[in-house]
Amino acid sequence: MERNPIERLKTPEPERHNARITLFRHGTAKYKQEKVAISEADDLTDLGRNLVRKQAERLADEIGKDEEITIWSSPMGRTLETATIVADVLREKGFEIRLKKSADSTECGNAIRVFEALEEVRGLDVELFSAIVDGKSYTLEDGNEKAFDKSKTNPDNLSFQDYYYLGGYRKYLQSGESIPAEVRASLVSLEKEADVHHRFDRNIDRVSKAQSDKKQRVIVFTHHVTMKDYTENQVLPADYINLD
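Numbering (our numbering), first residue to last: 12 to 255.
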């Protein structure tokens with residue numbers, strides 16, 4: 012008598028989820044423009060800190076309780092302080108945040124993962140750039156003061172951001188004005204906007220395609236220049252964008 016083969020029950024495969032990504036711009040800052048240790052991040056104004064906390068509470072209402080949260084940040088002080096405030100608010104709301112792992116794969120105490128690829132424009136000296144845009148004085152490395160004439164450095168009266176985006180600094184370089192070698196070298200070395208976006212987008216794309224059997228939320232703390240192409244709206248300090 013022929014026996015029917017025993018049918019083995021197939022174990023259902025777990026549902027796979029793509030990571031959800033939230034881009035979060037740093038709060039209003041004093042713009043020291045420094046890469047610092049997380050414990051030394053203190054670049055936000057009081058207004059900036061309050062706004063970040065308010066936005067963090069709003070974001071907490073949009074995150075599912077079953078989502079596993081990972082925090083990435085640019086190495087700049089203003090993004091690290093913003094990330095720290097948001098992480099604290101999320102913990103207060105009962106969320107757990109994945110801790111980063113050390114070289115031996117054990118969990119470290121800090122939840123903020125710092126990535127150079129998330130920084131703003133490489134080579135940007137904010138103090139010098141601001142002086143050129145606004146027509147103010149700047150102390151050169153030799154100790155001498157350079158007073159910039161706005162009618163020559165920024166005749167179109169561009170904002171700080173547009174002076175970069177619209178090439179105001181390139182126009183100044185080509186103006187024929189006498190520019191100190193130190194200032195010229197700083198402006199020439201600025202990372203091009205296309206390169207900024209390529210560097211940032213490549214990493215965001217990689218994360219968005221990663222799959223897990225758990226629902227993942229990656230919150231990326233970064234800057235205006237790296238966020239502006241993800242929305243038609245103006246990106247203000249402490250604004251965030253959920254990429255769905």
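Note that CB positions come from ideal geometry on N, CA and C, so glycine has one too. For clarity, every value in this text was computed on a predicted model and none was experimentally measured.
Is the beta carbon of residue i sitting closer than 7 Å to the one on residue j?
| i | j | result |
| --- | --- | --- |
| E92 | V236 | no |
| I74 | R228 | yes |
| A40 | F232 | no |
| K163 | E188 | yes |
| V246 | R69 | no |
| S219 | I32 | yes |
| L34 | M238 | yes |
| L201 | G134 | yes |
From the DSSP output, read off the bridge partner residues of residue i.
| i | result |
| --- | --- |
| F35 | F232 and Y251 |
| H28 | S223 |
Out of the options, which one is the CA nearest neighbour of residue i?
| i | options | result |
| --- | --- | --- |
| D99 | K163, G179, K65 and G146 | K65 |
| F106 | A67, L139 and F140 | A67 |
| D206 | S186, W83, A221 and Y176 | Y176 |
| K161 | Y251, E188, V144 and T150 | V144 |
| L139 | L198, R217, R213 and K220 | L198 |
| E78 | R60, D54, N29 and L55 | N29 |
| G88 | K104, G38 and D212 | G38 |
| G146 | G154, V63 and N168 | N168 |
| A192 | D153, A249 and I215 | D153 |
| A170 | K203, L55, D240 and A142 | In the sequence as displayed, the identity of residue 170 is Ser instead of Ala. Ranking K203, L55, D240 and A142 by Cα distance to S170 puts A142 first. |
| V137 | V194, T242 and G59 | V194 |
Assuming residue i contacts residue j under a Cβ cut-off of 8 Å, what Cβ separation, rounded to an integer in Å, is found between them?
| i | j | result |
| --- | --- | --- |
| A128 | R109 | Not quite, the Cβ-Cβ distance comes to about 19 Å (not below 8 Å), so this is no contact. |
| H208 | S85 | Not quite, the Cβ-Cβ distance comes to about 14 Å (not below 8 Å), so this is no contact. |
| I252 | I82 | The Cβ separation is near 16 Å, so there is no contact. |
Measuring from the CB of residue i, is there a heavy atom of the ligand GTP at a distance below 6 Å?
| i | result |
| --- | --- |
| P166 | With respect to the ligand GTP, the structure shown offers nothing to examine, as it has no ligands at all. |
Q | Sequence ranges, alpha helix (DSSP H) only - wholly within the region 131-186, length at least 4 | A | 137-145, 161-164, 171-176 and 179-184
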